[in-house]
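UniProt numbering numbers the first residue of the sequence shown as 1 and each following residue consecutively.
Cβ coordinates follow ideal geometry from the N, Cα and C atoms, glycine included.
Predicted, not measured: the structure shown is a model, and the values here were computed from it.
Remarks on the structure that follows.
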Amino acid sequence: MFYKTTTAGGGGQPSLFGLFQCRGDLSAADCAACTTAARIQLSGCYGLYEISGFPQVSGTKMLYKECGRSGGAGGGFEEKRDTAFASLESAMAAGSAGGFYAAGNGNLRVMAQCEGDLSVADCAECVTESVQKAEVECGGASSGRMYLDKCYLSYGSFPTAAAAEEEKEVVAELQVRSRCEGWPTAHPHDSGGSGHQTGKTVAIVLGSAAAVGFLLVCLLFVRSLYKKDHY
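If you want it as structure tokens, here you go:
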């Protein structure tokens, strides 16, 4: 199902354009439910829209997860991560973090934030839930991100500066996930970087095709010149 519309702006305001398209195997009812509420998650901010009165999900419901490479952080990583998680939970429970916490310990970075209008108790509960989900869902992965309805958690271990820069590029990618069930929850790194490898493969194929096309054009041009010289 696909739909797009443009609303004319009044009073000299610009017009607004919008569209939605549902996955091809969704029924009309599932498509309608999917587009009723959506969340857009960026590296530095997120936003959502929903119809007023839409049934609310639990604040600790996991909407999306990302896990890095399993076992790629080296020995002692889980102990260091758990220590950082404990500090995170303590800061949130005490209310001293103001709903946001970010800290680094060597090559490990941990960050969490709650929705701005959450109470200290609700924020602490949400963050604790995100920590527990990270430990279960990502295990010994070198990085992970848990997006719950009212808070999110991010952590990662970067053994080299190059790895840190690569991770920043991954974090900066636009992530758009609706509240529909059945959306993928795997990070590209889960399959040993298959996401990046697929992108490289596509780029190589397209580049090769472009090169072949350019070569054919050149050959045809030379051939036309050759024919002109012989007539």
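- Item | Three-way DSSP call (helix, strand, coil) for Arg-145 in this model | As a first step, residue 145 is located in the sequence shown; it is residue number 145 there, counting from the start. Assignment of Arg-145 by DSSP, reduced to helix, strand and coil, places it in the strand class.
- Message: So for Lys-61, helix, strand or coil by DSSP?
- Response: For the purposes of this step, residue 61 is identified with residue 61 of the sequence shown, where counting begins at 1. Coil at Lys-61, not helix or strand.
- Of all the options Leu-118, Tyr-64 and Ala-32, which has the alpha carbon lying nearest to the alpha carbon of Leu-42? Within the sequence shown, the letter at position 42 stands for residue 42. Looking only at Leu-118, Tyr-64 and Ala-32, the smallest Cα-Cα distance to Leu-42 is reached by Tyr-64.
- For Ala-112, the nearest candidate out of Ser-154, Pro-14 and Ala-28 (CA to CA): Locating residue 112 in the sequence shown gives position 112, where the first residue counts as 1. Selected option, being the one with the closest Cα: Ser-154.
- Message: According to DSSP, is Arg-39 part of a helix, a strand, or is it coil?
- Response: On the sequence shown, position 39 is the one that residue 39 refers to. Strand, per DSSP.
- Item | Same chain, Cβ closer than 6 angstroms to Ala-141, neighbours up to 5 away in sequence not counted | Translated into the one-based positions of the sequence shown, residue 141 becomes position 141. Around Ala-141: Cys-67, Gly-68 and Ser-70.
- Scan the stretch 88-138 and note each continuous alpha helix (DSSP H) run of 4 residues or more that stays entirely inside, going in chain order. Uninterrupted alpha helix (DSSP H) stretches at least 4 residues long and entirely within the stretch 88-138 occur at 120-137, given in chain order.
- Task: Identify the continuous beta strand (DSSP E) that holds Lys-4 and give its terminal residues.
- Result: Position 4 of the sequence shown, counting from 1, holds the residue named residue 4. From DSSP, the beta strand (DSSP E) with Lys-4 extends over 2-7.
- Task: Check each candidate in Asp-149, Gly-139 and Gly-76 and name the one with the smallest Cα separation from Gly-106.
- Result: Against the sequence shown, residue 106 aligns to sequence position 106. Comparing Cα-Cα distances from Gly-106 to each of Asp-149, Gly-139 and Gly-76, the minimum goes to Gly-76.
- Do the CB positions of Glu-79 and Thr-128 come within less than 8 angstroms of each other? Position 79 of the sequence shown, counting from 1, holds the residue named residue 79. Position 128 of the sequence shown, counting from 1, holds the residue named residue 128. Their beta carbons are not under 8 angstroms apart, which means Glu-79 does not touch Thr-128 by this criterion.
- Message: Between the alpha carbons of Leu-26 and Asp-122, how many angstroms are there, rounded?
- Response: Here residue 26 corresponds to residue number 26 of the sequence shown, with the count starting at 1. Here residue 122 corresponds to residue number 122 of the sequence shown, with the count starting at 1. The alpha-carbon atoms of Leu-26 and Asp-122 are separated by roughly 35 angstroms.
- Starting from Cys-151, trace the beta strand (DSSP E) both ways and give me its first and last residue. Looking up residue 151 in the sequence shown gives position 151. Counting along the chain, the beta strand (DSSP E) containing Cys-151 begins and ends at 151-157.
- Under the assumption that Cys-114 contacts Lys-61 (Cβ atoms under 8 angstroms), give the Cβ distance between them as a whole number of angstroms. Walking along the sequence shown from the start, residue 114 turns up at place 114. Walking along the sequence shown from the start, residue 61 turns up at place 61. The beta carbons of Cys-114 and Lys-61 sit about 14 angstroms from each other, so the pair does not count as a contact at 8 angstroms.
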